[in-house]
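Enquirer: Using our numbering, the first residue of the sequence shown is number 3, and each one after it goes up by one. Glycine is no exception: its CB is placed at the ideal position from the N, C-alpha and C atoms. These numbers come from a predicted model, not from an experiment. Have a look at the structure that comes next, please.
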Amino acid sequence: MRSMTVVVVGGGVVGFSTAVCIAEALPYCSVTLIADRFTPDTTSDVAAGIVICSPFPDIPLERQQRWFKETIDHLLAIAQSEQASEAGVLLSSGWQIYKELPADKVPFWSSFVLGFRIMTDRELKRFLDHTFGQAFTTVKCECSNYLPWMEKRFRKAGGQVVKQKVNNLQELSSQGYDIIVNCSGLGAKSLVGDSEVYPVRGQVLKVQAPWLQHFIRDGEGQSYIYPGMHSVTVGGTRQVDDWRLEVDPEDSQDILERCSRLEPSLSRARVLGVSVGLRPSRKNVRVEREMVLLGSRLVPVVHNYGHGGWGVTLSWGTALEALGLVRKCLHERCPRARL
Ligand SMILES: Cc1cc2nc3c(=O)[nH]c(=O)nc-3n(C[C@H](O)[C@H](O)[C@H](O)COP(=O)(O)OP(=O)(O)OC[C@H]3O[C@@H](n4cnc5c(N)ncnc54)[C@H](O)[C@@H]3O)c2cc1C
Ligand SMILES: O=C([O-])CC(=O)C(=O)O
Numbered sequence: 003m004r005s006m007t008v009v010v011v012g013g014g015v016v017g018f019s020t021a022v023c024i025a026e027a028l029p030y031c032s033v034t035l036i037a038d039r040f041t042p043d044t045t046s047d048v049a050a051g052i053v054i055c056s057p058f059p060d061i062p063l064e065r066q067q068r069w070f071k072e073t074i075d076h077l078l079a080i081a082q083s084e085q086a087s088e089a090g091v092l093l094s095s096g097w098q099i100y101k102e103l104p105a106d107k108v109p110f111w112s113s114f115v116l117g118f119r120i121m122t123d124r125e126l127k128r129f130l131d132h133t134f135g136q137a138f139t140t141v142k143c144e145c146s147n148y149l150p151w152m153e154k155r156f157r158k159a160g161g162q163v164v165k166q167k168v169n170n171l172q173e174l175s176s177q178g179y180d181i182i183v184n185c186s187g188l189g190a191k192s193l194v195g196d197s198e199v200y201p202v203r204g205q206v207l208k209v210q211a212p213w214l215q216h217f218i219r220d221g222e223g224q225s226y227i228y229p230g231m232h233s234v235t236v237g238g239t240r241q242v243d244d245w246r247l248e249v250d251p252e253d254s255q256d257i258l259e260r261c262s263r264l265e266p267s268l269s270r271a272r273v274l275g276v277s278v279g280l281r282p283s284r285k286n287v288r289v290e291r292e293m294v295l296l297g298s299r300l301v302p303v304v305h306n307y308g309h310g311g312w313g314v315t316l317s318w319g320t321a322l323e324a325l326g327l328v329r330k331c332l333h334e335r336c337p338r339a340r341l
């Protein structure tokens, strides 16, 4: 039997996670990843990379819990291995704080992070005007390290990487791929004509403040301070339908003021850089399979995009689900093959 060919479109954290899952689990498939942008130029590179999220409204919570758990377990294992520094994956402890009681005092992922608890009054005293908070240890996955590390892992599993813009799915079908996996993030708007995907602009600064060891996340992620391997990420903004990729100096000033109110020592920190990314947002992330007529061929397309502000958090879990959908496509084509 000729080996089946799978093409994954997308070189961000979702594309590489999906491509690695497929290449490692299905060694008899030939897997190619195509993208027009790679690290350090993807949205994933801008992410703080903290594993935390809010739920999508119409997706069963158990499915979202599975995505969260599979991702954090995968990253915790890397954080505990000798690969941790090369992969850019580290533990991160801190506080999520609120001025008013949140609807979910105990978020749906609370049992998957480590040591989740409600903050004590003594801890809350650090933060003026805040009446409630949660303390826990999660993972920070820094994509500027993680993406090159994942690319190496993908190539080791036999995967091939191509830099190229894909204008439409027909192009891929004409090249003879058996299965198309769409991890194009915001690019899905034009690639598959999905009008439900929209950008939510985010701006963050990297500052030098090695004395900071705890993360602080305020007001459902309006403001945050995330210490990392080489710098501290401070943010943020959530500007809906805003396509500007250039840095806005007023946003930077506003971020620094907000974050310095939470952590006064930040006012002395040196700014190392500022970056902007467009979160690939959608009311509900799309992880599903459809059959698409491309020319005269009916081609299976597995979608995995629209993760919004939670692409790192859900990357491995949604990738494993996409792998399951690819397996189903293969099984339908060769029912007797052992997959
Ligand atoms: C400021 C900020 C902070 C964030 N912090 C966090 C965080 O702490 N935790 C978290 O979980 N998430 C965070 N996010 C969200 C996270 O960055 C995204 O959810 C994630 O990067 C989405 O990954 P992706 O692979 O789907 O998209 P991308 O990283 O955008 O990758 C899309 C890929 O598809 C390719 N592509 C698209 N269209 C085409 C085409 N037609 N042809 C060829 N290639 C194509 C692109 O070139 C690119 O390689 C943050 C985002 C921002 C902006
Ligand atoms: O909300 C956060 O803490 C970080 C994040 O995911 C984002 O800015 O999208």
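Can you tell which of 278, 230 and 216 has the C-alpha that lies nearest to the C-alpha of residue 246?
Expert: Checked all of 278, 230 and 216; the closest Cα to residue 246 is 278.
Enquirer: Grab the span of the alpha helix (DSSP H) containing residue 323 for me, first residue to last.
Expert: Taken as a continuous stretch (DSSP letters only), the alpha helix (DSSP H) holding residue 323 covers 317–335.
Enquirer: With a threshold of 6 Å on Cβ separation, who are the neighbours of residue 70 within its own chain once the five nearest residues in sequence on each side are excluded?
Expert: These residues qualify, in order along the chain: 111 and 114.
Enquirer: Have a look at residue 213 and residue 294 and give me their C-alpha separation to the nearest angstrom.
Expert: Approximately 53 Å, taken between the alpha carbons.
Enquirer: If you draw a straight line from the C-alpha of residue 302 to the C-alpha of residue 117, how long is it?
Expert: Spanning the two alpha carbons is a distance of roughly 42 Å.
Enquirer: When the Cα atoms are used, what is the spatial distance from residue 161 to residue 93?
Expert: Taking the straight line joining both Cα atoms gives about 29 Å.
Enquirer: Taking the C-alpha atoms as reference points, what is the distance between residue 152 and residue 84?
Expert: Approximately 15 Å, taken between the alpha carbons.
Enquirer: If you drop the 5 nearest sequence neighbours on each side, which residues of the same chain put their C-beta closer than 8 Å to that of residue 216?
Expert: Cβ within range, chain order: 95, 96, 97 and 229.
Enquirer: Over the uninterrupted alpha helix (DSSP H) stretch that includes residue 92, give me the two end residues.
Expert: Run containing residue 92: none in the alpha helix (DSSP H); it sits in the beta strand (DSSP E), 91–100.
Enquirer: Is any non-hydrogen atom of ligand 1 found closer than 6 Å to the C-beta of residue 186, if you look at the structure I gave you?
Expert: Because some heavy atom of ligand 1 lies under 6 Å away, the Cβ of residue 186 counts as near it: yes.
Enquirer: Mapping the DSSP letters down to three states, classify residue 7 as helix, strand or coil.
Expert: In the structure shown, residue 7 sits in a strand (DSSP, three-state: E or B).
Enquirer: Could you tell me if the beta carbon of residue 137 falls within a distance shorter than 6 Å of some heavy atom in ligand 2?
Expert: It does not: the Cβ of residue 137 is nowhere closer than 6 Å to a heavy atom of ligand 2.
Enquirer: Taking residue 41 as part of the alpha helix (DSSP H), name the residues at either end of that continuous run.
Expert: Note, residue 41: premise wrong, no alpha helix (DSSP H); not H, not E.
Enquirer: Could you please give the first and the last residue of the uninterrupted beta strand (DSSP E) stretch that includes residue 104?
Expert: Neither: residue 104 is in no beta strand (DSSP E) and is coded neither H nor E.
Enquirer: Ligand 1 heavy atoms versus the CB of residue 38: any closer than 6 Å?
Expert: Yes, since a heavy atom of ligand 1 falls inside the 6 Å radius drawn around the Cβ of residue 38.
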